[in-house]
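Protein chains in written order, with my numbering: chain A, 685 to 800; chain B, 849 to 966.
Just so it is clear, CB atoms sit at the ideal spot from N, CA and C, and this is done for glycine as well.
Notes follow the structure.
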Amino acid sequence: EAQVTQNPRYLITVTGKKLTVTCSQNMNHEYMSWYRQDPGLGLRQIYYSMNVEVTDKGDVPEGYKVSRKEKRNFPLILESPSPNQTSLYFCASSLSIQGFYNSPLHFGNGTRLTVT
Amino acid sequence: SQKIEQNSEALNIQEGKTATLTCNYTNYSPAYLQWYRQDPGRGPVFLLLIRENEKEKRKERLKVTFDTTLKQSLFHITASQPADSATYLCALDMILSGGTGGSYIPTFGRGTSLIVHP
Chain A
685 EAQVTQNPRY LITVTGKKLT VTCSQNMNHE YMSWYRQDPG LGLRQIYYSM NVEVTDKGDV
745 PEGYKVSRKE KRNFPLILES PSPNQTSLYF CASSLSIQGF YNSPLHFGNG TRLTVT
Chain B
849 SQKIEQNSEA LNIQEGKTAT LTCNYTNYSP AYLQWYRQDP GRGPVFLLLI RENEKEKRKE
909 RLKVTFDTTL KQSLFHITAS QPADSATYLC ALDMILSGGT GGSYIPTFGR GTSLIVHP
């Protein structure tokens with residue numbers, strides 16, 4: 685089944701303890717992206733990747749890191765989490781975002797992170 | 849900067865009626881506009897994509913219109929059902945690099961909650 689898989693689904697951690705949220709897609713998609721969703725603020729893009737070894741900042745990149753060593757995986761790293769990073773996180777992928785081949789996003793089921 | 853507006857107030861309608869949701873935008877001319885459905889605690893699910901040169905697109909009970917002059921998209925669900933209750937997000941594809949075949953990054957509105965009462 686074609687899907688975007690995020691893990692873990694729920695995560696409670698303490699301030700400063702490094703964590704990684706994994707994201708994997710099995711559709712051979714070029715484009716992958718991380719979003720956070722907060723009440724009243726909607727979906728905000730953290731980082732995105734156009735292809736392997738190509739990543740770039742979105743609208744709210746501070747406090748996050750990403751890597752794209754393989755096409756299927758796009759982990760989100762919080763080196764030193766803080767309470768303001770408590771949020772619902774979504775990974776998404778798309779076959780392509782190139783103009784003529786623009787295709788929609790497939791989202792994972794989300795990771796609810798709480799930082800105390 | 850470009851701005852996407854969706855009604856923050858929930859839309860309440862009776863089963864069987866047509867639901868109409870609005871997406872307005874300013875300071876931008878998107879090449880594509882997408883609509884997604886999101887259920888509580890779940891990831892958004894793609895519904896429809898419409899291009900700037902298309903006026904209208906349909907899929908089963910769903911219809912999307914795109915008016916580039918008014919800078920507005922309308923999303924219609926006909927013969928609505930309680931199972932259609934969800935939050936609906938519009939996303940505008942913002943060009944990343946110019947020229948033919950440029951890359952487009954979707955930017956999302958905050959969504960409108962639809963509640964269909966039986």
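Leaving aside the five residues that flank residue 890 (chain B) on each side, none in its chain has a CB nearer than 7 Å to its CB. Here the C-alpha atom of residue 951 (chain B) lies approximately 43 Å from the C-alpha atom of residue 966 (chain B).
Rounded to whole angstroms, the Cβ separation of residue 732 (chain A) and residue 742 (chain A) is 6 Å, and the two are in contact under 8 Å.
Here residue 932 (chain B) carries a helix assignment [DSSP, helix/strand/coil].
The shortest CA-to-CA distance from residue 862 (chain B) to any of B:879, B:933, B:898, B:881 is the one to B:933. Looking from the CA of residue 899 (chain B), the closest CA among B:910, B:888, B:914 belongs to B:914. Take residue 894 (chain B), set aside five residues on each side of it, and the residues of its chain with a beta-carbon closer than 7 Å to its own are 882, 884, in chain order.
Against chain A, the CB of residue 951 (chain B) has a partner CB under 7 Å away; the residue lies at that interface.
For residue 759 (chain A), the secondary structure class from DSSP, reduced to helix, strand or coil, is coil. A residue is called buried when at least 16 other Cβ atoms come within 10 angstroms of its Cβ; residue 717 (chain A) meets this threshold and is buried. When secondary structure is reduced to three states using DSSP, residue 886 (chain B) falls in the strand class.
Close to residue 711 (chain A), with beta-carbon spacing below 8 Å, lies no residue of chain B; the smallest spacing is near 13 Å. From the beta-carbon of residue 897 (chain B), the residues of chain A found nearer than 9 Å are 786, 787, 788. Going by C-alpha positions, residue 691 (chain A) is about 9 Å away from residue 793 (chain A).
The beta carbons of residue 871 (chain B) and residue 886 (chain B) sit no closer together than 7 Å. Not one beta carbon of chain B lies nearer than 7 Å to the beta carbon of residue 687 (chain A). Taking the Cβ atoms as the reference, residue 754 (chain A) lies roughly 7 Å from residue 736 (chain A), within the contact range of under 8 Å. The shortest C-alpha to C-alpha distance from residue 928 (chain B) to any of B:852, B:851, B:865 is the one to B:865. In terms of beta-carbon proximity, residue 730 (chain A) stays away from the interface with chain B, with every pair separated by 7 Å or more. With a cutoff of 7 Å on beta-carbon distance, residue 926 (chain B) and residue 909 (chain B) are scored as near each other. In this structure residue 789 (chain A) is in contact with residue 778 (chain A), their Cβ atoms being roughly 5 Å apart against a cut-off of 8 Å. According to the DSSP assignment, residue 716 (chain A) belongs to the beta strand (DSSP E) that extends over 715-722.
For residue 929 (chain B), the closest Cβ of chain A is not nearer than 7 Å. Taking every protein chain shown into account, the CB of residue 781 (chain A) has 16 or more other CB atoms within 10 angstroms, so this residue is buried. For residue 727 (chain A), at least one C-beta of chain B is nearer than 7 Å to its own C-beta.
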